[in-house]
Structures are given as C-alpha cells and as structure tokens.
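When we follow my numbering, the leftmost residue of the sequence shown carries the number 1, and every step to the right adds one.
Encoded as structure tokens, the structure appears first; notes follow it.
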Amino acid sequence: MNDDNESRDLSLATLAIRSAELRTDEMAHSETLFLTSSFVYESAAQAAGRFDGSQPGNVYSRFSNPTVKAFEQRLAAMEGGERAVAFGSGMGAIFGLFFALMSPGEHVVSSRSLFGTTNTVFRRYFTKFGMEYTLVDIDDIDAWRNAIQPKTRFFYIETPSNPLAEVGDIRALAELAHEHNIELIVDNCFCSPAVQKPLALGADYVVHSATKYLDGQGRCVGGAVVGKHEALEEVFAFLRATGASLSPFNAWVFLKGLETLPIRMRAHCENALALAQWLEQQEGVDKVFYAGLESHPSHKLASQQQNGFGGVLSFSLVDAQGSKERDVAWRFIDATEMISITANLGDVKTTITHPASTTHGRLTAEEKQEAGITENLIRLSVGLEDIEDLKREMQRGLAAIGY
Numbered sequence: 001m002n003d004d005n006e007s008r009d010l011s012l013a014t015l016a017i018r019s020a021e022l023r024t025d026e027m028a029h030s031e032t033l034f035l036t037s038s039f040v041y042e043s044a045a046q047a048a049g050r051f052d053g054s055q056p057g058n059v060y061s062r063f064s065n066p067t068v069k070a071f072e073q074r075l076a077a078m079e080g081g082e083r084a085v086a087f088g089s090g091m092g093a094i095f096g097l098f099f100a101l102m103s104p105g106e107h108v109v110s111s112r113s114l115f116g117t118t119n120t121v122f123r124r125y126f127t128k129f130g131m132e133y134t135l136v137d138i139d140d141i142d143a144w145r146n147a148i149q150p151k152t153r154f155f156y157i158e159t160p161s162n163p164l165a166e167v168g169d170i171r172a173l174a175e176l177a178h179e180h181n182i183e184l185i186v187d188n189c190f191c192s193p194a195v196q197k198p199l200a201l202g203a204d205y206v207v208h209s210a211t212k213y214l215d216g217q218g219r220c221v222g223g224a225v226v227g228k229h230e231a232l233e234e235v236f237a238f239l240r241a242t243g244a245s246l247s248p249f250n251a252w253v254f255l256k257g258l259e260t261l262p263i264r265m266r267a268h269c270e271n272a273l274a275l276a277q278w279l280e281q282q283e284g285v286d287k288v289f290y291a292g293l294e295s296h297p298s299h300k301l302a303s304q305q306q307n308g309f310g311g312v313l314s315f316s317l318v319d320a321q322g323s324k325e326r327d328v329a330w331r332f333i334d335a336t337e338m339i340s341i342t343a344n345l346g347d348v349k350t351t352i353t354h355p356a357s358t359t360h361g362r363l364t365a366e367e368k369q370e371a372g373i374t375e376n377l378i379r380l381s382v383g384l385e386d387i388e389d390l391k392r393e394m395q396r397g398l399a400a401i402g403y
C-alpha cells in the first residue's frame, strides 16, 4: 500500500486515483476488498506483538483492516492531513471526535447553523455527560470571541451550512481559536476536499459524512475525521474501544467514489449555480440560498476560501395566494416527478427535502427560528442530470403553487 506522504506533490485529481493504492501479491489493478473479521499469525509471539502494538500488522477488523486503511490514507492525502480515522457514519465521526478528546466541564463554541442531528448531540448528550456548548451566529466573529470560556476546548463550524449555505471564515476562526489555545473543527461535508481545504486555512480537524459526496452515489454510510497523526491517536483508541467502525465493504465503495470526486464536484457546482441563478428569477421563489449567487451575503468569502460553491442550495417559496406555510413547500415537492424525495445529499441523482420536517424536524420551534429553518424552505441537492430537465422539474413545482 502506497503511503499518502509519498504523494503530497501530486494534484488532487491524481491523489484521488493513485494515493494509497492497495495491491496484493495477486496484482489486482483495482483495490482489494478485505472481507474478513480477523487475521492469522505465523506464531503466538507474532500474535502477541500485533496485539500489544510492538509489531506492525492487522489484528481485527473492528480497528485494523487494509481496505479501511486505504480509504483513510487516500482521504487524508486529499485533505492535506497526516491521518484519517474512519467511522461507521458521519455522526459517529463527530461524536467520536468530541467524546474522545473532551472531558466533563469542557466547552465548545459552535455556529448555530448546524445539521439537526449535530444539534441533538449538543443538546442531549453534551449536557448528559457534563460538557457545555454555546451557539453563535456563524459570521459574527465578536460573538465567537465573547463566547470563549476558560474551559473552551473546541470551535466547531459547518461551512457551508446545512441548509442555508451560510459560510464561516475558517482562517479568521482558526486564528482566534489558536490565540486562546482552542482547536477548530470544520465539517467539510458540503464541499469535500475537491472544493475546500480547511486544514490549509488553519483548521485542526476536518469531519466528513462519507455518505455524501465522497461516495457520490448514495450507496453506503460512513464517516471520517482528518487531522494530525498524534492528535488523532486518542480518537483511534476511542474507535477501537467502542466499535463505531467502518465496514471494509463500505470503505471499498468510498475508495471508488474518491476516484471521481474532483470531476463530479465540478459538475455538481456547475449545475447548482445554473439552477440557483434560474430559480432566483422565478415568480413564486421568495429567496434562494446559495453562496455562488452574488446576492448571497457570503459570496465574497466563499469565493476566497472555496474553488467552487458546492451542489446544495435551498430556496423559500410563496404561493399565488401569498402563503408561506408548510403546505406550499409540500405541494412543490410532491409535484416533482423525476427528482428523488429523500433527505440524503451528495448523490449524482438530484434529491429534494423539506428541512423543517425532516433533517431539522427534531429541533424546537425556537431552535428552527434561530437557525432560519422556515416552513416554506426546500433544500435541493443538485445532481448530474441535464440542467434543462432539472428546470422542467422546478417548473412543475412552481405550477403546483400557482405559477
């Protein structure tokens, strides 16, 4: 298996295909899938050495599997990190990072613009285990500064945010965090390393739901944390002890997904921008949330720290009678024919969902209001279908609300 450190001078497109190649004595061209729970040893002494770590090699697929390792190495190389630790889901990666490295009494400052389940981790499980958190507006650097406490351990940000595409200044937040001996975690799910490199901007950790763009075809669930080798040692120990592991099969699927990530992301960005620009001109569309639009308040910042604007956009609706209630969004969604009604994103197939009743459905009314999750809001993960076909789907939705 090629070490990702040998390939740091290669371009992203080449790293996506050639880093961490896993080739056995059979010389298979495609990476080998190791579907095994355990590994055998040449002697009892070798087994003991593998278990106590004094000898390199595989032990048990809960925490050491060649296919999973290949995925970790390739993702780390693409993100510009020293190491990645793969988990069974994106939320497993987020939970594992926090609970491996934090202690009771420690504190996190986070943007309030979050995926709903991340918010649930803060609200239900941080408090249960004696940890604290403060939510602030993603673009208010003074609010971040004022929220710092003596025991603040991390800043946490999801940029662009789900689902309003709000953008946080990674470099500025990293500088502020490091001034106070705090580390910055960035959820890079919406951009992927093909569009944004948080570690190069000063972040300490990157988290991913590999389920999204890293896979790219909606096949498997997985996640990962990327950062420095030594810093992730305790995260790996947490994974080993708790068993929140990524399966070898899913890792193999993600390896294949990474090969086409750069070219897919260019196409996602192109389609999403074209559709966002078109939607912004349509009657019945109240507002479009996509950082690629010059009308978006974060457009300038996104242009500086991203090399594209991603494939996810949201828009709010008003029907011909002036209503902005849930029924308007549901009528629009139900009128589409080709687009998949599902809460997943990052697929080559365009997907549509109503955040207030799905991804953010467990938030309280107050939390939804603070996060800008309105009842007339729709999130669209723009796939790779022909743009004219996607516009026709949008026209069907608009016709259903009177336009």
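Yeah, the Cβ is synthetic: ideal placement off N, Cα and C, and Gly gets one too.
Inset, instruction - Taking the CB atoms as reference points, tell me whether V207 and I138 lie closer together than 7 Å. - result: As a working mapping, residue 207 is identified with position 207 in the sequence shown. As a working mapping, residue 138 is identified with position 138 in the sequence shown. Not a contact, by the Cβ cut-off of 7 Å.
Legend entry - The alpha helix (DSSP H) enclosing F249, as first and last residue numbers: Taking the first residue of the sequence shown as position 1, residue 249 is located at position 249. Taken as a continuous stretch (DSSP letters only), the alpha helix (DSSP H) holding F249 covers P248 to E259.
Inset, instruction - Quick one: which unbroken beta strand (DSSP E) runs of 3-plus residues sit fully inside the segment 33-94? Chain order, please. - result: 83-87
Legend entry - Of the residues G92, R392, L232 and L12, the one placed nearest T336, counting alpha carbons only: If you number the sequence shown from 1, residue 336 lands on position 336. Of G92, R392, L232 and L12, the residue nearest in Cα terms is R392.
Inset, instruction - Could you tell me the boundaries of the beta strand (DSSP E) in which K228 lies? - result: Taking the sequence shown and counting its residues from 1, the one referred to as residue 228 is at position 228. From DSSP, K228 is part of no beta strand (DSSP E); its letter is neither H nor E.
Inset, instruction - Give a yes or no on contact between the segment 250-265 and the segment 94-104, applying the rule of three or more CB pairs nearer than 8 Å. - result: no
Inset, instruction - Could you work out which residue in M78, F71 and V68 is closest to A13 when comparing CA atoms only? - result: If you number the sequence shown from 1, residue 13 lands on position 13. Ranking M78, F71 and V68 by Cα distance to A13 puts M78 first.
Legend entry - Sequence-distant residues of the same chain with beta carbon closer than 7 Å to N2, five excluded per side: For the purposes of this step, residue 2 is taken as the residue at position 2 of the sequence shown. Here the model assigns N2 a pLDDT of 48, short of 50, so the residue's position is not dependable, and the following value carries that caveat. S19, A20 and E21, listed in sequence order.
Legend entry - Buried versus exposed call for F115 [16 or more other C-beta atoms within 10 Å across all chains shown]: As a position in the sequence shown, residue 115 is number 115, starting the count at 1. With 16 or more other Cβ atoms within 10 Å, it is buried.
Inset, instruction - Return the first residue and the last residue of the alpha helix (DSSP H) that T353 is part of. - result: In the sequence shown, residue 353 corresponds to position 353, counting from 1. Not the alpha helix (DSSP H): T353 falls in the beta strand (DSSP E), residues T351 to T353.
Inset, instruction - Determine contact between the segment 356-370 and the segment 112-132, defined as no fewer than three beta-carbon pairs at a distance below 8 Å. - result: yes
Inset, instruction - In angstroms with no decimal places, state the Cα-to-Cα distance between K287 and F155. - result: By one-based count along the sequence shown, residue 287 stands at place 287. By one-based count along the sequence shown, residue 155 stands at place 155. Their Cα atoms are separated by approximately 30 Å.
Inset, instruction - List the residues that DSSP assigns as beta-bridge partners of H208. - result: As a first step, residue 208 must be located in the sequence shown, where it is residue number 208. A224, per the DSSP bridge assignment.
Inset, instruction - Spatial neighbours of S64 within its chain, please: CB distance less than 7 Å, with the 5 preceding and 5 following residues excluded, ordered by chain position. - result: Taking the first residue of the sequence shown as position 1, residue 64 is located at position 64. Closer than 7 Å at Cβ, skipping near neighbours: N58.
Legend entry - Candidates V85, A48 and S54, of which the one nearest P66 by Cα: For the purposes of this step, residue 66 is taken as the residue at position 66 of the sequence shown. Of the listed residues, the one whose Cα sits closest to P66 is V85.
Inset, instruction - Return the CA-CA distance between G223 and G92, expressed in angstroms with no decimal places. - result: Numbered from its first residue, the sequence shown carries residue 223 at position 223. Numbered from its first residue, the sequence shown carries residue 92 at position 92. Near 7 Å, if we compare the C-alpha coordinates of G92 and G223.
Inset, instruction - Kindly indicate the opening and closing residues of the beta strand (DSSP E) around F236. - result: For the purposes of this step, residue 236 is identified with residue 236 of the sequence shown, where counting begins at 1. First-last for F236: E233 to T242, but that is the alpha helix (DSSP H), not the beta strand (DSSP E).
Legend entry - Cut-off 6 Å between Cβ atoms - residues of its own chain near Y41, not counting five sequence neighbours on either side: In the sequence shown, counting from the first residue as 1, residue 41 sits at position 41. Cβ neighbours of Y41 beyond the five flanking positions: A47.
Legend entry - For T14, the first and last residue of its enclosing alpha helix (DSSP H): Looking up residue 14 in the sequence shown gives position 14. Per DSSP, T14 belongs to the alpha helix (DSSP H) from L12 to R18.
Inset, instruction - Determine the contact status of S295 and T374, defining contact as a CB-CB distance below 7 Å. - result: Numbered from its first residue, the sequence shown carries residue 295 at position 295. Numbered from its first residue, the sequence shown carries residue 374 at position 374. No, these two residues do not count as a Cβ contact at 7 Å.
Legend entry - Alpha-carbon spacing of P262 relative to Q306, whole angstroms: The residue you call residue 262 lines up with position 262 of the sequence shown. The residue you call residue 306 lines up with position 306 of the sequence shown. Rounded to the nearest angstrom, the two C-alpha atoms are 13 Å apart.
Inset, instruction - Put L384 into one of helix, strand or coil per three-state DSSP. - result: The sequence position of residue 384 within the sequence shown is 384, counting from 1. It is coil, neither helix nor strand.
Inset, instruction - Quick one: grab the DSSP three-state call for V121. - result: For the purposes of this step, residue 121 is identified with residue 121 of the sequence shown, where counting begins at 1. DSSP places V121 in helix when its eight states are reduced to three.
Legend entry - Span separating the alpha-carbon of T134 from that of H29: Translated into positions along the sequence shown, residue 134 becomes position 134. Translated into positions along the sequence shown, residue 29 becomes position 29. Taking the straight line from one Cα to the other gives about 49 Å.
Inset, instruction - List the whole-angstrom C-beta distance separating F87 from L239, where the pair is believed to meet the contact cut-off of C-beta under 8 Å. - result: Indexing the sequence shown from 1 puts residue 87 at position 87. Indexing the sequence shown from 1 puts residue 239 at position 239. F87 to L239, Cβ: 7 Å. Contact.
Legend entry - For L345, the residue or residues it bridges with in DSSP: Position 345 of the sequence shown, counted from the first residue, corresponds to residue 345. DSSP, once it has assigned bridges, lists no residue as partnering L345.
Legend entry - Span of the beta strand (DSSP E) around R107: Here residue 107 refers to the residue found at position 107 of the sequence shown. Just to set this straight, residue 107 is His in the shown sequence, not Arg. Run containing H107: H107 to S111, per the beta strand (DSSP E) assignment.
Legend entry - T353 beta carbon less than 7 Å from that of V382: Sequence index remark: in the sequence shown, residue 382 carries index 382 (1-based). Sequence index remark: in the sequence shown, residue 353 carries index 353 (1-based). Not a contact, by the Cβ cut-off of 7 Å.
Legend entry - A400 versus F332: straight-line alpha-carbon distance, rounded: Within the sequence shown, the letter at position 400 stands for residue 400. Within the sequence shown, the letter at position 332 stands for residue 332. Approximately 6 Å between the Cα atoms of the pair.
Legend entry - Assumed close pair V186, A203 - CB separation to whole angstroms, cut-off 8 Å: For the purposes of this step, residue 186 is taken as the residue at position 186 of the sequence shown. For the purposes of this step, residue 203 is taken as the residue at position 203 of the sequence shown. Yes, V186 and A203 are in contact; Cβ-Cβ is about 4 Å, under 8 Å.
Legend entry - Rounded separation between V225 and F309 - CA only: Sequence index remark: in the sequence shown, residue 225 carries index 225 (1-based). Sequence index remark: in the sequence shown, residue 309 carries index 309 (1-based). Whole-angstrom Cα-Cα distance: 22 Å.
Inset, instruction - Report the partner residues of V195 according to the DSSP bridge assignment. - result: Mapped onto the sequence shown, residue 195 falls at position 195. The partner list for V195 (beta bridge, DSSP) is empty, contrary to what the question assumes.
Inset, instruction - Under the assumption that L301 contacts D140 (Cβ atoms under 8 Å), give the Cβ distance between them as a whole number of angstroms. - result: By one-based count along the sequence shown, residue 301 stands at place 301. By one-based count along the sequence shown, residue 140 stands at place 140. Their Cβ separation, rounded to whole angstroms, is 13 Å, which puts L301 and D140 out of contact at 8 Å.
Inset, instruction - Tell me whether the beta-carbon of G216 lies closer than 7 Å to the beta-carbon of R264. - result: The sequence position of residue 216 within the sequence shown is 216, counting from 1. The sequence position of residue 264 within the sequence shown is 264, counting from 1. Taking 7 Å as the Cβ cut-off, G216 and R264 qualify as a contacting pair.
Inset, instruction - Express the C-alpha separation of G49 and D334 in angstroms, rounding to a whole number. - result: Numbered from its first residue, the sequence shown carries residue 334 at position 334. Numbered from its first residue, the sequence shown carries residue 49 at position 49. Spanning the two alpha carbons is a distance of roughly 59 Å.
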